[in-house]
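Colleague: Residue numbers (my numbering): 307 to 663.
My questions all concern the structure below.
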């Protein structure tokens, strides 16, 4: 039986996970809104929008990846596998951290070096503080990058992953084995005894931040740009998300067993949002909402820009991995700024236009 002191440290760990999860969703949602407004003003379109078919495929794809990792962990020595996967995820974390910093200040050599130090320190030590810095960066960037086409798509996504989470947590040991076996910034962690031995840790997977974050970010755009209700629906959803995590953690403490967080998160989010829109008279608007209606410009050149963006996107796909990596490194260290990227984009558009003419 645990002592009050041990219980207090556990509650501290859960409070840390809760507050950081809410912070990631909040920042990711705000940055998606900024990107949406920027695209709306410029008349551009996002390269990729999640469709209903994409949402339906997520549980299947997630299951395939999860089971593959489970099999790998069973048959390949853990230290070899983790050396590779941890290196890859550390690199992803470094570039994600660079993108995260870019939202607050202009990247430069020092910020680039700081990102590399954090990523390298995590790779060599598995330090939980460095892990959380990289995980937060990955979480915010993931939410910022994904546009969901409609609320019917997000409902399908949440409900599909609701059953996916239940099956893999309660139906087998796969989820727990993979989450605890892989070393990488794919989860938030905090020591259960932070002032003593820090081996035992509480964790919250990034999926339990990013998946709800997609929906809450969509709600923010809907609330501010579509029905013009300010942040009302956003704060309603964010509060619901917070309460769902409290609900998850309370059940975990009572039954002393890890819980599928989406089992609690999805009902809280969907029921709260539907009730709020019905009460405020915006339910029909929510069902008709599409991201394409928000991301549009009154400019007469919108259609031309769409065609130019399509041509540019196709040409970018032809670039080599080395070129893309070098470009990402330049941005990380502030050697190439957004203004230069815009000039390159305009130059590419002009080139494509000349070819078409």
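The beta carbon of each residue, even a glycine, is placed where N, CA and C say it ideally should be.
(1) Using the three-state DSSP reduction, which class does residue 380 fall into: helix, strand or coil?
(2) Under a three-way DSSP split, which group does residue 411 fall into?
(3) Could you give the distance in angstroms between the alpha-carbon of residue 608 and the alpha-carbon of residue 453?
(4) With a cut-off of 8 Å, do at least 3 Cβ pairs link the stretch 365–376 to the stretch 405–420?
(5) What did DSSP end up calling residue 561 once you bin it into helix, strand or coil?
(6) When DSSP builds the beta bridges, which residues end up paired with residue 566?
(7) Within this structure, are the beta carbons of residue 449 and residue 402 separated by less than 8 Å?
(8) Counting along the chain, where does the beta strand (DSSP E) carrying residue 508 start and finish?
(9) I'd like to check one pair, residue 324 with residue 551: are the Cβ atoms closer than 8 Å?
(10) Just list the residues that DSSP pairs residue 452 with in beta bridges.
(11) Jot down the residue ranges of each uninterrupted beta strand (DSSP E) in the stretch 422–498, minimum 3 residues, whole runs only, in chain order.
(12) Please confirm whether residue 369 has its beta-carbon closer than 8 Å to some beta-carbon of chain D.
(13) Let me confirm a value: residue 604 is counted as buried when at least 16 other C-beta atoms fall within 10 Å, else exposed. Which label applies?
(14) If I follow the unbroken alpha helix (DSSP H) through residue 326, where does it start and stop?
(15) Within the same chain, show all residues whose beta-carbon is closer than 8 Å to that of residue 456, passing over the 5 residues directly before and after it, in chain order.
Modeller: Answer, in terms of the structure:
(1) It is helical.
(2) Residue 411 falls in the coil class under three-state DSSP.
(3) Because residue 608 sits at a pLDDT of 46, beneath the cut-off of 50, its placement in the model cannot be relied upon, and the point is left open.
(4) No, they do not touch.
(5) Helix, per DSSP.
(6) According to the DSSP secondary-structure assignment, residue 566 is paired through a beta bridge with no residue.
(7) Note that the C-beta distance between residue 449 and residue 402 is not below 8 Å.
(8) Per DSSP, residue 508 is one residue of the beta strand (DSSP E) stretching across 507–511.
(9) It is a contact, given that the beta carbons lie within the stated cut-off.
(10) Answer is none; residue 452 lacks a bridge partner.
(11) Inside the stretch 422–498, DSSP marks whole beta strand (DSSP E) runs of 3 or more residues at positions 493–497, from first to last along the chain.
(12) No chain D appears in this structure, which consists of one protein chain only.
(13) The pLDDT assigned to residue 604 is 42, lower than 50, so where the model puts this residue is not dependable; a value taken from the coordinates is nonetheless given after this. It is exposed - the Cβ of residue 604 has fewer than 16 other Cβ atoms within 10 Å.
(14) Start and end: 310–348.
(15) Here the set comprises 358, 595, 596, 597.
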